[in-house]
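As given, the protein sequences belong to chains G and W, one line each in that order.
One point on numbering: in numbering that gives the first Met the number 0, the residue at position 22 of the first sequence is 21, and numbering is uninterrupted.
One point on numbering: in numbering that gives the first Met the number 0, the residue at position 59 of the second sequence is 58, and numbering is uninterrupted.
Note that beta-carbon positions come from the ideal geometry of N, C-alpha and C, so glycine has one too.
Let me begin by presenting the structure, written as structure tokens, before commenting on it.
2 protein chains.
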Amino acid sequence: MYFPAAGVPESELGLRERKRLATERTIERAALDLAQEHGYEGVTVEMICESAMVSPRTFFNYFGSKEGVFLGHTPPRPTPEMIDWFVNERPSTTLLDLVELFRRMMSTRNRTDPAAMRERRALIHSTPDLAVREFARMAEAETELTALLQRRRDAVGAEGSDVFPDEPRVVVLLAFAIMHPAMHRWLEDPDGAPQEELIADSLQMIRRIIDEPTHS
Amino acid sequence: MYFPAAGVPESELGLRERKRLATERTIERAALDLAQEHGYEGVTVEMICESAMVSPRTFFNYFGSKEGVFLGHTPPRPTPEMIDWFVNERPSTTLLDLVELFRRMMSTRNRTDPAAMRERRALIHSTPDLAVREFARMAEAETELTALLQRRRDAVGAEGSDVFPDEPRVVVLLAFAIMHPAMHRWLEDPDGAPQEELIADSLQMIRRIIDEPTHS
DNA sequence: GTTAATTATGCAGAGACTGCACGCTTTGTG
DNA sequence: CACAAAGCGTGCAGTCTCTGCATAATTAAC
């Protein structure tokens with residue numbers, strides 16, 4: 000067991016990669032533990048580094064920023080295949096396809112184990128400061144996705160786009176609104192209802208809210 | 000003209016207040032001008048202070064942060080009257096009332112003249128970094144408004160809230176989606192269609208997007 | 001085993017931001 | 001007008017995040 004076995008092609012990534020992942024996880028653990036105790040503001044990068052036994056410079060080499068270690072350093076981005084699918088294939092409604100694109104993006108970044116992911120999630124939602132940052136990240140994605148919507152519209156042949164010039168942005172916001180509760184419920188119970196169902200529920204809820212009759 | 004005239008009771012706020020507003024505007028002007036030239040990242044607080052002839056410490060006394068001077072130092076918040084109206088009166092749908100609450104919040108903070116407001120707006124939207132920050136601010140409002148929705152629901156008597164525990168959050172997101180294009184169009188043409196009409200248009204657009212038939 | 005790419009680290013420094021104390025100006029009061 | 005109270009502008013020291021650069025050690029590739 001001192002050298003790579005031939006029958007373990009899956010997690011055999013070379014010594015370098017393995018070490019990298021190890022320190023990455025060490026830093027993450029240290030950061031999360033310290034945040035549980037002192038809160039986001041109460042933790043300094045220096046503290047994290049001391050606990051993880053790495054230099055501050057190394058910390059910033061791994062996660063580009065302090066928030067990076069809490070939010071996850073890889074913001075979910077669509078792969079070229081996904082982009083092509085969304086822009087050119089477009090099997091369903093713009094909105095529904097966008098939601099599906101979201102779903103795929105989320106599913107992709109499962110490199111971290113779901114347990115740590117949930118822990119991270121809990122910390123984010125219990126720390127207003129982090130929640131805000133997370134929202135800011137979403138905003139980045141929003142910009143990118145809006146551009147994608149433009150490409151899709153161009154591909155299908157624009158029509159009547161002058162009437163509502165910022166329709167793409169609204170579509171993205173709507174997709175967010177649909178994804179939000181679905182993602183939330185899924186993170187709380189990953190083995191519960193399948194994602195498609197959660198999304199369908201969410202869509203139904205939104206329809207109900209919009210068409211809600213005036214009460215009282 | 001060397002001393003205060005007696006016939007100007009409106010803007011007579013005392014020497015102190017006037018000076019305060021003066022330096023505030025001086026700093027704002029300096030910041031906006033410098034940002035036009037060098038971009039948000041390219042401007043340092045020190046540069047702004049040098050241009051406005053105040054100490055950095057003073058800058059932070061006025062606007063608590065660098066982004067503060069660009070985004071406006073007073074994030075729009077609902078007044079107690081508005082809160083009461085929303086929680087207890089609730090003349091219409093939850094969603095529509097929330098949109099109306101938004102509209103009122105936006106209308107309130109017209110202490111800055113609309114011209115500078117639009118200039119600021121243009122800068123924000125042309126600077127991705129600032130756009131993100133603005134979104135983060137919205138997120139703060141989101142949290143606050145979600146709490147408000149809970150209060151409203153409690154006031155009306157909760158029912159079936161277990162099915163969709165994060166319905167309030169979705170309502171807020173939807174209200175955002177409705178407000179967004181309306182606000183946008185209003186800022187681009189303040190003397191055009193009245194806000195109510197813009198909102199109605201926006202709502203209609205959203206209905207269309209959600210019910211859009213599968214095409215192609 | 002030698003060379004090339006990665007990686008970890010230290011160091012210097014920019015830039016945002018805070019608490020504190022001190023001095024000046026404005027304000028209110030008699 | 002004098003005098004005290006309050007508010008404001010400022011300098012200073014210091015913390016914290018984050019970056020560029022140089023260097024040494026490690027791993028990979030040949």
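Cα-Cα separation, G/Tyr1 to W/Ile209: By one-based count along the first sequence, residue 1 of chain G stands at place 2. By one-based count along the second sequence, residue 209 of chain W stands at place 210. Note that G/Tyr1 scores 32 on pLDDT, short of 50, meaning its location in the model is unreliable; the coordinates nonetheless yield the value given after this. If I take the Cα positions, the gap works out to 58 angstroms.
G/Thr126 versus G/Gly71: straight-line alpha-carbon distance, rounded: The count along the first sequence starts at 1 and reaches residue 126 of chain G at position 127. The count along the first sequence starts at 1 and reaches residue 71 of chain G at position 72. Their Cα atoms are separated by approximately 15 angstroms.
G/Glu195, DSSP secondary structure in three states: Position 196 of the first sequence, counting from 1, holds the residue named residue 195 of chain G. Correct three-state label for G/Glu195: helix.
Identity of the residue in W/Pro77, W/Thr25, W/Pro55 nearest W/Leu148 by Cα: As a working mapping, residue 148 of chain W is identified with position 149 in the second sequence. It is W/Pro77.
Residue-level contact to chain G via CB, W/Ile123, 8 angstroms cutoff: For this step, residue 123 of chain W is matched to residue 124 along the second sequence. With 8 angstroms as the cut-off, W/Ile123 does not count as an interface residue toward chain G.
G/Pro240 versus G/Glu195: straight-line alpha-carbon distance, rounded: The question about residue 240 of chain G has no answer, for chain G in this structure spans 0 to 215.
Interface residues of the stretch 170-185 of chain G facing chain W [CB-CB below 7 angstroms]: Val170, Leu172, Leu173, Phe175, Ala176, His179, Pro180, His183
Assigned secondary structure, G/Ser64 (DSSP; H/G/I helix, E/B strand, else coil): Counting from 1 along the first sequence, the entry for residue 64 of chain G is found at position 65. Correct three-state label for G/Ser64: coil.
First through last residue of the alpha helix (DSSP H) which encompasses G/Trp185: For the purposes of this step, residue 185 of chain G is taken as the residue at position 186 of the first sequence. First-last of the alpha helix (DSSP H) with G/Trp185: 166-187.
Interface flag, G/Val98 vs chain W, CB-CB below 8 angstroms: Locating residue 98 of chain G in the first sequence gives position 99, counting from the first residue. It does not; no Cβ of chain W falls within 8 angstroms.
Pick from W/Arg15, W/Ala146, W/Gly191 that is closest to W/Val171, judged by C-alpha positions: If you number the second sequence from 1, residue 171 of chain W lands on position 172. When only C-alpha atoms are compared, the closest one is W/Ala146.
Distance, G/Glu133 Cα to W/Leu129 Cα: Within the second sequence, numbered from 1, the residue matching residue 129 of chain W stands at position 130. Within the first sequence, numbered from 1, the residue matching residue 133 of chain G stands at position 134. The alpha-carbon atoms of W/Leu129 and G/Glu133 are separated by roughly 15 angstroms.
Proximal residues of chain G, C-beta to C-beta of W/Met204 below 9 angstroms: The residue labelled residue 204 of chain W in the question sits at position 205 within the second sequence. Neighbours of W/Met204 on chain G, chain order: Val162, Phe163, Glu166, Val169.
Under 8 angstroms between C-beta atoms of G/Val131 and G/Ile198: Position 132 of the first sequence, counted from the start, is the residue given in the question as residue 131 of chain G. Position 199 of the first sequence, counted from the start, is the residue given in the question as residue 198 of chain G. It is not a contact, given that the beta carbons lie outside the stated cut-off.
Test: G/Thr25 CB closer than 8 angstroms to a CB of chain W: As a working note, residue 25 of chain G is residue 26 in the first sequence. Not closer than 8 angstroms to any Cβ of chain W, the Cβ of G/Thr25 fails to qualify, so no.
Under the three-state DSSP convention, the category G/Arg136 falls into: Here residue 136 of chain G is taken as the residue at index 137 of the first sequence, counted from 1. Helix.
Contacts that G/Ile82 makes with chain W (C-beta to C-beta distance below 9 angstroms): Position 83 of the first sequence, counted from the start, is the residue given in the question as residue 82 of chain G. Within 9 angstroms Cβ-Cβ: nothing; G/Ile82 doesn't reach chain W, min ~18 angstroms.
Cβ-based burial, G/Pro189 [other Cβ within 10 Å; buried from 16]: As a first step, residue 189 of chain G is located in the first sequence; it is residue number 190 there, counting from the start. When all chains shown are included, G/Pro189 counts as exposed.
W/Arg28 to G/Ala176 span [Cα, whole Å]: For the purposes of this step, residue 28 of chain W is taken as residue 29 along the second sequence, with counting starting at 1. For the purposes of this step, residue 176 of chain G is taken as residue 177 along the first sequence, with counting starting at 1. Computed Cα separation, rounded: 37 angstroms.
Reduced DSSP category for W/Arg76 - H, G, I as helix; E, B as strand; rest coil: Your numbering for residue 76 of chain W matches position 77 in the second sequence. Three-state result, W/Arg76: coil.
Where G/Arg206 falls, given that 16 or more other Cβ within 10 Å makes a residue buried: As a first step, residue 206 of chain G is located in the first sequence; it is residue number 207 there, counting from the start. Looking at its Cβ environment, which holds fewer than 16 other Cβ atoms inside 10 Å, G/Arg206 is exposed.
Endpoints, the alpha helix (DSSP H) within which G/Met46 is located: Within the first sequence, residue 46 of chain G is the residue found at index 47, counting from 1. Here the alpha helix (DSSP H) through G/Met46 covers 44-51.
CB contact check: W/Glu196 to chain G, cutoff 8 angstroms: Numbered from 1 along the second sequence, position 197 holds the residue referred to as residue 196 of chain W. It does not: the Cβ of W/Glu196 has no partner Cβ on chain G nearer than 8 angstroms.
Option nearest G/Met52 by Cα separation, candidates G/Glu40, G/Arg24, G/Met137: In the first sequence, residue 52 of chain G corresponds to position 53, counting from 1. Of G/Glu40, G/Arg24, G/Met137, the residue nearest in Cα terms is G/Arg24.
Where the alpha helix (DSSP H) containing G/Gly38 begins and where it ends: As a first step, residue 38 of chain G must be located in the first sequence, where it is residue number 39. From DSSP, the alpha helix (DSSP H) with G/Gly38 extends over 13-41.
Cα-Cα separation between W/Arg254 and W/Ile82, rounded to whole angstroms: Residue 254 of chain W is absent from the model: chain W starts at 0 and stops at 215.
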